[in-house]
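Numbering-wise (my numbering), the sequence shown opens with residue 1 and increments by one. Where is the CB? At the ideal position from N, CA and C, for every residue including glycine.
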Amino acid sequence: MTQRKLNLRTGDTVRVIAGNDAGAQGRILRAIPARGLVVVQEVNMRKHHKRPAANARGGITEGGIVTYEEPIRVSNVMLVCPHCDEPTRVRRRHDADGTIERICKRCDNPIPTAG
Ligand SMILES: [Zn+2]
C-alpha cells in the first residue's frame, strides 16, 4: 500500500464534520497516517469498564470506568485555520530551504505546526 500523507499533525485543531461528534472541535492528540486515523481530544469518547485484577506485587489493581478517545477517520475532520478560525483545506508549499508549509486555502496564510 502506498503511504498516505496527512495534512494534519499532532497538536492541530480540527472540526469534526461528520459522524456522531459532528460539530465538535478539539486538538489532535495522536495521528496514525498509515491508517488514516486521528485521535481528537474529547471526541469519540469510549468507556472501558475495568475489572479489579491481581497485580504482580500480589495486590489488587482497582477496577473502574476508564474513558478514552477512540481514533476517527481523517475524512471526518477538517483542519481549523488559526488565522481565519474556520475549517479549511490546505495546499502544500515547498520553501526555498526545502521545508514544506501548509497554506490555508481561504486566507493564504501558513498554518503553523504545533510542537
Ligand atoms: Zn485561514
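In DSSP terms, what residue i is bridged to
i, result
"ARG73", "LEU37"
Whole-angstrom C-beta distance between residue j and residue i, which should lie under 8 Å
i, j, result
"PRO71", "LEU37", "4 Å"
"LYS50", "THR67", "About 11 Å; that fails the 8 Å criterion."
As assigned by DSSP and simplified to three states, the class of residue i
i, result
"LEU6", "coil"
"VAL16", "strand"
"HIS48", "strand"
"ALA56", "coil"
"GLY64", "strand"
"CYS84", "coil"
"ALA31", "strand"
"VAL43", "coil"
Per-residue burial, residue i [other beta carbons within 10 Å of its own, 16 or more giving buried]
i, result
"ILE116", "Because the chain here runs from 1 to 115, residue 116 falls outside it and cannot be looked at."
"ILE28", "buried"
"MET78", "buried"
"ASN20", "exposed"
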